[in-house]
Each structure stands twice: as structure tokens, then as C-alpha cells.
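Asks: The sequence shown lines up with residues 7 to 102 when you count with this note's numbering.
Positions of the beta carbon are idealized from the N, C-alpha and C atoms, including for glycine.
My questions all concern the structure below.
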Amino acid sequence: HVDNGDHVIVINAEKVKMTGKKWTDRVIFTYSGYPGGQKLLTPNMIKAKHPARLVEHAVRGMLPKNAMGRELFRSLHVYVGDKHPHEAQQPKEIKF
Numbered sequence: 007h008v009d010n011g012d013h014v015i016v017i018n019a020e021k022v023k024m025t026g027k028k029w030t031d032r033v034i035f036t037y038s039g040y041p042g043g044q045k046l047l048t049p050n051m052i053k054a055k056h057p058a059r060l061v062e063h064a065v066r067g068m069l070p071k072n073a074m075g076r077e078l079f080r081s082l083h084v085y086v087g088d089k090h091p092h093e094a095q096q097p098k099e100i101k102f
């Protein structure tokens, strides 16, 4: 568990795919901390407003739940579309 300083840039977040009925049946809970501040959202609802948050939510769930995980999450940059403001850093493209 080492933060090597690398940043990850994810583009085309709107093209994320899920199999089966996960778009409608999966429920994501959010809670503001205030009475009545609990929201139940489906991935379909999130994708309609903020497609990048689906990728961020998935990655955040895979990271450790401590200070190192929070620091690693700061090095993730998710963008809708193929344009991003990090061209000056000469990012390397990795295909899956």
C-alpha cells in the first residue's frame, strides 16, 4: 500500500456498462447527516445527471477505508467525453 504519485485519468465515463438489471435494481444510498437527508438513487438516475460519479463511486468502494484510501482517491480524475485538461502532463494511454 504505497502512494507512488501516479494519477489516473478516466475519459468517456458516460460509456460505462452494467450487465443485467443493475441499472434499475441496484440502489445507492446517500446520507447528508441531517434528519430526512437520506436518498436512494439508482445508477440510471446518477448517470442521467453525473455520469462520472458512477465510476468514482465504484473506485471509492474498492479503496481502503482510511487516510491512504482518501489520498489515493484524490489522484483519480474522471471526465465525461474524451477531452480533459491534463494534456500538458503527457499522460500515457492504457487500453483494456
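So for residue 89, helix, strand or coil by DSSP?
Replies: As a working mapping, residue 89 is identified with position 83 in the sequence shown. Residue 89 falls in the coil class under three-state DSSP.
Asks: Among the candidates 18, 14 and 60, whose CA atom is the shortest distance from the CA of residue 33?
Replies: In the sequence shown, residue 33 corresponds to position 27, counting from 1. Per the Cα distances, 60.
Asks: So, at 6 Å on beta carbons, what are the nonlocal neighbours of residue 47 in its own chain, with the 5 sequence-adjacent residues on each side left out?
Replies: Numbered from 1 along the sequence shown, position 41 holds the residue referred to as residue 47. Excluding positions up to five away in sequence, the list reads 34.
Asks: How is residue 16 classed by DSSP in three states: helix, strand or coil?
Replies: The residue you call residue 16 lines up with position 10 of the sequence shown. In the structure shown, residue 16 sits in a strand (DSSP, three-state: E or B).
Asks: With the cut-off set at 8 Å, would you say residue 15 and residue 63 are in Cβ contact?
Replies: Here the question's residue 15 lines up with position 9 in the sequence shown. Here the question's residue 63 lines up with position 57 in the sequence shown. No.
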